[in-house]
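What follows is a set of notes on a single structure, which appears directly below.
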Amino acid sequence: MVLVFHSLSDVPAIFSGIVPFIAQAYFAGKPRWTPEQMPDQSGRTIIITGGNSGIGKECAKILLQRNANVYLACRNQDSAESAIIELRELTGKQAKYLHLDLANLESVKAAAEEFMSKESRLHVLLNNA
Numbered sequence: 575m576v577l578v579f580h581s582l583s584d585v586p587a588i589f590s591g592i593v594p595f596i597a598q599a600y601f602a603g604k605p606r607w608t609p610e611q612m613p614d615q616s617g618r619t620i621i622i623t624g625g626n627s628g629i630g631k632e633c634a635k636i637l638l639q640r641n642a643n644v645y646l647a648c649r650n651q652d653s654a655e656s657a658i659i660e661l662r663e664l665t666g667k668q669a670k671y672l673h674l675d676l677a678n679l680e681s682v683k684a685a686a687e688e689f690m691s692k693e694s695r696l697h698v699l700l701n702n703a
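Numbering (this note's numbering) for the sequence shown: 575 to 703.
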């Protein structure tokens with residue numbers, strides 16, 4: 575099936591709204607913000623779920639570079655500790671490990687209690703897992 579439109583008045587409204595939106599998102603060009611523009615995060619405590627790899631680890635790196643107090647909330651302690659070592663080598667800053675298995679409600683409660691015993695406030699929860 576081939577759709578042929580002879581003028582813009584023939585184009586269904588959905589195409590006139592979605593196509594430009596997708597084109598703008600896809601061909602947006604250079605980012606308008608860079609991590610270097612992030613203000614200092616001293617005094618802010620941040621938990622990143624799944625912070626041991628991928629986007630979570632990259633966010634942790636940027637936040638550590640900006641002096642945030644970062645917790646990596648992960649299921650696997652070995653991979654979290656490996657990520658913490660790598661982040662320390664990259665940033666010179668120390669992230670902390672918080673055991674958290676989001677599929678286990680008891681683990682979630684234990685992680686919350688452990689965190690509250692160490693910190694008085696949470697400023698950002700980055701739900702990455």
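For every residue, glycine included, the Cβ atom is placed at its ideal position computed from N, Cα and C. Just so it is clear, the structure is predicted and the values come from calculations on it, not from any experiment.
- Apart from the 5 residues on each side of it in sequence, L672 sits with its Cβ closer than 8 Å to the Cβ of I621, Y645, L646, A647, C648, A685, E688 and F689 in its chain, given in chain order.
- Burial check for I658: the Cβ neighbour count within 10 Å reaches 16 or more, so the residue is buried.
- Taken through DSSP and simplified to helix, strand or coil, A669 comes out as coil.
- Checking the DSSP bridge columns, you'll see L699 partnered with I621.
- For A685, the enclosing alpha helix (DSSP H) covers residues L679 to K692.
- Contact annotation: K667 and L699 have beta-carbon atoms that are not nearer than 7 Å.
- Rounded to whole angstroms, the separation of the alpha carbons of Q615 and A642 is 5 Å.
- For G624, the closest C-alpha among the options Y600, A654 and T608 is that of A654.
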